[in-house]
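Undergrad: The structure's right below; bear with me while I get my questions together.
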Amino acid sequence: MIWIQSTDDDLSTNMVIDWFDLLKVDWCRTNDAIVQFKNFAISNTKNDFQISFKDVAEHQHNIRLSDIAGYWYRRGHLSFGITSNAESREWCHPAECN
1 MIWIQSTDDD LSTNMVIDWF DLLKVDWCRT NDAIVQFKNF AISNTKNDFQ
51 ISFKDVAEHQ HNIRLSDIAG YWYRRGHLSF GITSNAESRE WCHPAECN
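In terms of our numbering, the sequence shown is residues 1 to 98.
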(Lines of atoms letter the chains of each structure in order from A; the text may use other names.)
(Lines give C-alpha, C1' and ligand atoms only; values in the text may rest on other atoms or scores of the structure.)
Protein backbone atom coordinates (compact mmCIF):
# COMPACT_ATOMS: atom_id res chain seq x y z
CA MET A 1 0.00 0.00 0.00
CA ILE A 2 1.10 3.59 -0.67
CA TRP A 3 0.39 6.04 2.15
CA ILE A 4 -0.40 9.49 0.72
CA GLN A 5 -0.07 12.62 2.87
CA SER A 6 -1.53 15.71 1.20
CA THR A 7 -4.15 18.40 1.43
CA ASP A 8 -7.51 17.33 0.02
CA ASP A 9 -7.55 20.01 -2.70
CA ASP A 10 -4.10 19.28 -4.17
CA LEU A 11 -4.51 18.69 -7.91
CA SER A 12 -1.16 16.92 -8.40
CA THR A 13 -1.97 14.39 -5.69
CA ASN A 14 -5.43 13.82 -7.16
CA MET A 15 -3.81 13.08 -10.53
CA VAL A 16 -1.37 10.61 -8.94
CA ILE A 17 -4.31 8.87 -7.25
CA ASP A 18 -6.06 8.59 -10.62
CA TRP A 19 -2.98 6.78 -11.93
CA PHE A 20 -2.85 4.54 -8.86
CA ASP A 21 -6.48 3.61 -9.46
CA LEU A 22 -5.80 2.91 -13.14
CA LEU A 23 -2.83 0.70 -12.23
CA LYS A 24 -4.77 -0.94 -9.36
CA VAL A 25 -2.27 0.26 -6.73
CA ASP A 26 -3.59 0.07 -3.15
CA TRP A 27 -3.38 3.50 -1.46
CA CYS A 28 -4.62 5.39 1.58
CA ARG A 29 -4.67 9.19 1.91
CA THR A 30 -4.51 11.37 5.01
CA ASN A 31 -5.53 15.00 4.70
CA ASP A 32 -4.42 16.90 7.81
CA ALA A 33 -5.92 14.06 9.84
CA ILE A 34 -5.47 13.55 13.54
CA VAL A 35 -3.48 10.35 13.77
CA GLN A 36 -3.48 8.19 16.88
CA PHE A 37 -0.99 5.42 17.61
CA LYS A 38 -2.88 2.21 18.41
CA ASN A 39 0.12 0.12 19.34
CA PHE A 40 3.87 0.20 18.98
CA ALA A 41 6.20 -2.80 19.15
CA ILE A 42 9.98 -2.94 18.92
CA SER A 43 11.91 -6.17 19.29
CA ASN A 44 15.09 -7.78 17.99
CA THR A 45 13.14 -9.43 15.19
CA LYS A 46 10.35 -6.99 14.32
CA ASN A 47 9.59 -3.27 14.42
CA ASP A 48 5.99 -2.31 13.78
CA PHE A 49 3.29 0.13 14.79
CA GLN A 50 -0.36 0.68 14.00
CA ILE A 51 -1.99 4.07 13.53
CA SER A 52 -5.66 4.99 13.37
CA PHE A 53 -7.27 8.00 11.70
CA LYS A 54 -10.46 9.22 10.04
CA ASP A 55 -10.38 10.55 6.50
CA VAL A 56 -12.30 13.53 5.10
CA ALA A 57 -15.41 11.37 4.66
CA GLU A 58 -15.13 10.25 8.33
CA HIS A 59 -14.15 6.69 7.36
CA GLN A 60 -11.99 5.00 10.00
CA HIS A 61 -8.62 3.60 8.85
CA ASN A 62 -6.10 1.45 10.67
CA ILE A 63 -2.67 1.07 9.09
CA ARG A 64 0.31 -1.03 10.14
CA LEU A 65 3.81 0.12 9.24
CA SER A 66 4.45 -3.35 7.82
CA ASP A 67 1.62 -2.81 5.27
CA ILE A 68 3.13 0.39 3.85
CA ALA A 69 5.27 -0.10 0.73
CA GLY A 70 5.75 3.60 -0.01
CA TYR A 71 4.97 7.10 1.22
CA TRP A 72 3.91 10.08 -0.93
CA TYR A 73 4.08 13.49 0.74
CA ARG A 74 2.88 16.69 -0.89
CA ARG A 75 1.74 19.46 1.45
CA GLY A 76 -0.38 19.01 4.53
CA HIS A 77 0.57 17.80 7.97
CA LEU A 78 -0.29 15.17 10.54
CA SER A 79 -1.44 15.91 14.06
CA PHE A 80 -0.40 13.11 16.38
CA GLY A 81 -2.91 12.82 19.20
CA ILE A 82 -0.39 11.93 21.90
CA THR A 83 1.37 13.87 24.62
CA SER A 84 3.66 12.93 27.44
CA ASN A 85 2.36 12.71 30.97
CA ALA A 86 5.68 13.60 32.63
CA GLU A 87 4.65 12.54 36.14
CA SER A 88 3.74 8.97 35.22
CA ARG A 89 6.17 8.76 32.26
CA GLU A 90 3.38 7.41 30.08
CA TRP A 91 1.95 8.56 26.79
CA CYS A 92 -1.72 9.45 26.51
CA HIS A 93 -4.23 11.21 24.27
CA PRO A 94 -4.35 14.97 25.08
CA ALA A 95 -8.00 14.73 26.18
CA GLU A 96 -7.06 11.99 28.66
CA CYS A 97 -3.93 13.58 30.20
CA ASN A 98 -4.80 15.35 33.43
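Positions of the beta carbon are idealized from the N, C-alpha and C atoms, including for glycine.
If we ignore side chains and look at the alpha-carbon of each, how far apart do T7 and T30 end up?
TA: In the sequence shown, the residue the question calls residue 7 occupies position 7. In the sequence shown, the residue the question calls residue 30 occupies position 30. Cα-Cα distance, rounded: 8 Å.
Undergrad: Considering only the beta carbon of each residue, do Y71 and W19 sit closer than 9 Å?
TA: As a first step, residue 71 must be located in the sequence shown, where it is residue number 71. As a first step, residue 19 must be located in the sequence shown, where it is residue number 19. No, Cβ-Cβ distance for Y71 and W19 is not below 9 Å.
Undergrad: Going by DSSP, what residues sit across from H59 in a beta bridge?
TA: Within the sequence shown, the letter at position 59 stands for residue 59. H59 pairs with nothing; no bridge assigned.
Undergrad: Please state the DSSP three-state secondary structure of E45.
TA: Locating residue 45 in the sequence shown gives position 45, where the first residue counts as 1. At residue 45 the sequence reads Thr, which differs from the Glu that was named. Correct three-state label for T45: coil.
Undergrad: Reducing DSSP to helix, strand and coil, say where I17 ends up.
TA: The residue labelled residue 17 in the question sits at position 17 within the sequence shown. If DSSP states are grouped into helix, strand and coil, I17 belongs with the helices.
Undergrad: Can you list, in chain order, the residues of its chain with a C-beta nearer than 7 Å to that of M99? Leave out the 5 residues immediately preceding and following it.
TA: Nothing about residue 99 can be read from this structure; the chain reaches only from 1 to 98.
Undergrad: Name the residue from N14, L11, R64, Q5 whose alpha carbon lies nearest to the alpha carbon of K46.
TA: Residue mapping note: residue 46 aligns to position 46 of the sequence shown, counting from 1. It is R64 whose Cα lies nearest to the Cα of K46.
Undergrad: Applying the criterion that 16 or more other CB atoms from any shown protein chain within 10 Å of the CB defines a buried residue, is Q60 buried or exposed?
TA: Taking the first residue of the sequence shown as position 1, residue 60 is located at position 60. By the 10 Å Cβ count, Q60 comes out exposed.
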